[in-house]
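In the working numbering, the protein residues as written are 9 to 275. Every residue, glycine too, gets a C-beta built ideally from N, C-alpha and C. Note that the structure is predicted; figures quoted are calculated from it, not measured.
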Amino acid sequence: MHCFICETCGTQHAPSPEPPSHCSICEDDRQYVGWRGQTWLTHADLQGRFSLRIEDDDGLLGIGVRGEFAIPQRELLLRTGGAGNVLWECVSLVTDEAITELKARGGIDQIVISHPHFYSSMVEWSDALGGVPILLHEADRDWIRRSSRHVRFWSGDVHPLSNDVTLVRCGGHFAGSTALIWRAPNRTVLFPGDALQVATDRRHVAFMYSYPNYVPMKTSDVRAMRERLDGYDYDDVYGYTWGRNIIGNGRAAVDASFDRHLRMVES
Ligand SMILES: [Zn+2]
Ligand SMILES: [Zn+2]
9 MHCFICETCG
19 TQHAPSPEPP
29 SHCSICEDDR
39 QYVGWRGQTW
49 LTHADLQGRF
59 SLRIEDDDGL
69 LGIGVRGEFA
79 IPQRELLLRT
89 GGAGNVLWEC
99 VSLVTDEAIT
109 ELKARGGIDQ
119 IVISHPHFYS
129 SMVEWSDALG
139 GVPILLHEAD
149 RDWIRRSSRH
159 VRFWSGDVHP
169 LSNDVTLVRC
179 GGHFAGSTAL
189 IWRAPNRTVL
199 FPGDALQVAT
209 DRRHVAFMYS
219 YPNYVPMKTS
229 DVRAMRERLD
239 GYDYDDVYGY
249 TWGRNIIGNG
259 RAAVDASFDR
269 HLRMVES
C-alpha cells in the first residue's frame, strides 16, 4: 500500500495498492489535469527526485519543494507567543533535514492550512512531527484525500487560536478558505493563502475563484470577504509562495485592491 501523490496538484491520497484512478482536486474547475494525463508518485519517489528549499522568506523560515513540482507553495514557521509554533500551510515532500530544522526551533505545536490545494502531504508532516494536530475549516472537509486522527476542524467565520493568532474564514476560492492573522510583537501579519492572491507587483492583491483557469470570484463572495476582514489591521501580507509578500502598508494595499476590483467588475 502507498499513499500516492498527484503530480499536478501535489495532494497525497489515502493508502491504496495501486494509484487512484483520478484526482478529484485536479478534475475540479479550480485546478487542471496535467497535460500528459493523470500521473502519480509515491512519497519515496518524491524524496528521490526532489529536495526542499529551507530558507528565510522576508524574516520567516520557509520550506518548499525545490524546482518544478505541482503548485509551488511554501510553508512557513510562525513562532507565535500564544498559539505556540504554528506550521502555516503544507507541502508534498517531508525530509529528515526539514524535521530537524523545525525541531531545533522548538518543534511544531499545530499545522494550520488555508484550503485544500495546500493540504498536500499534511498527514505525512503531522506524523513526522510526532502526531501534531492539523487544523482545517470544516466547510472543506469533503476535499480531504488522506485523513488522520490528528485532523481537527473549526467552523464559523472567526476562530481565535490565542490572544495573538486569529483565523478568519474568507471563503470565495473555497467555502472554507482561511486567512491567519498574527499579531507579532513588532508587526501584525495577514496570511491569506490564495483566498486573496498577492499580485506580482507586490502592492495589490487579486480575487479569483480559479487562478490557473482564470475563473473570476463571485462579487458577493468578494464583498463578504471584505466584511469579514474589515475589523483587522495588519502591516504585512504573506502570499502563497516565495517572496510574494507585501511588506508594509498591507491593509492599505488590500483596501485599494478591493476598491479596484469592485470598480472593474461593476463599471
Ligand atoms: Zn491532483
Ligand atoms: Zn488554491
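Does the beta-carbon of residue 202, which I'm using as the reference point, lie nearer than 7 Å to any heavy atom of ligand 2?
Indeed, a heavy atom of ligand 2 lies less than 7 Å from the Cβ.
Determine, using beta carbons only, whether residue 86 and residue 70 come nearer to each other than 8 Å.
no
To the nearest angstrom, how far is it from the Cα of residue 175 to the Cα of residue 204?
14 Å
Go through its chain and collect everything with a Cβ distance to residue 258's Cβ below 7 Å, but skip five positions before and after it.
The residues 198, 242, 243, 244 and 245, in chain order, have a CB closer than 7 Å to that of residue 258 in the same chain once the five nearest residues on each side in sequence are set aside.
Can you give me the Cβ contacts of residue 109 inside the same chain, cut-off strictly under 6 Å, excluding the 5 residues immediately before and after it?
62
Residue 30: beta carbon under 7 Å from a heavy atom of ligand 2?
Result no, Cβ not under 7 Å from ligand 2.
Going by the C-beta, is residue 107 closer than 7 Å to any heavy atom of ligand 1?
no
beta-carbon residue 71 near ligand 1 non-hydrogen atom, thresh 7 Å
no
In the region 166-214, which residue ranges form an unbroken beta strand (DSSP E) of at least 3 residues, counting only runs that do not cross its ends?
If we require 3 residues or more, the beta strand (DSSP E) runs fully inside the region 166-214 come out as 166-168, 173-177, 186-191 and 196-199.
Please tell me whether, using a cut-off of 7 Å, the distance from the CB of residue 11 to the nearest non-hydrogen atom of ligand 1 is below it.
no
What number of angstroms, rounded off, separates the C-alpha of residue 218 from the C-alpha of residue 123?
For residue 218 and residue 123, the distance between alpha carbons rounds to 13 Å.
Could you check where the alpha helix (DSSP H) with residue 109 kicks off and where it finishes?
104-112
Taking the continuous beta strand (DSSP E) assigned at residue 216, which residues delimit it?
216-218
Is residue 47 near ligand 1, with its Cβ less than 7 Å from a heavy atom?
no
Return yes when the Cβ of residue 156 is within less than 8 Å of the Cβ of residue 128, no when it is not.
no
Between the CA atoms of residue 191 and residue 4 - distance to the nearest angstrom
Examination of residue 4 is not possible in this model, given that the chain is present from 9 through 275 alone.
Could you pull out every residue in the same chain whose Cβ sits closer than 6 Å to the Cβ of residue 126, ignoring the five residues on either side in sequence?
81, 97 and 98
CA-CA distance, residue 188 and residue 248?
Rounded to the nearest angstrom, the two C-alpha atoms are 12 Å apart.
Using a threshold of 8 Å, state whether the C-beta atoms of residue 320 and residue 15 are closer than that.
The chain is shown only over 9 to 275; residue 320 falls outside these bounds and no answer can be derived.
Should residue 145 be counted as a contact of ligand 2 given a C-beta to heavy atom distance under 7 Å?
no
Kindly give me the distance between the Cβ atoms of residue 18 and residue 79, rounded to whole angstroms, as I take these residues to be in contact under 8 Å.
6 Å
Compute the Euclidean distance between the alpha carbons of residue 166 and residue 177, then round it to the nearest angstrom.
A straight-line Cα-Cα distance of about 6 Å links residue 166 and residue 177.
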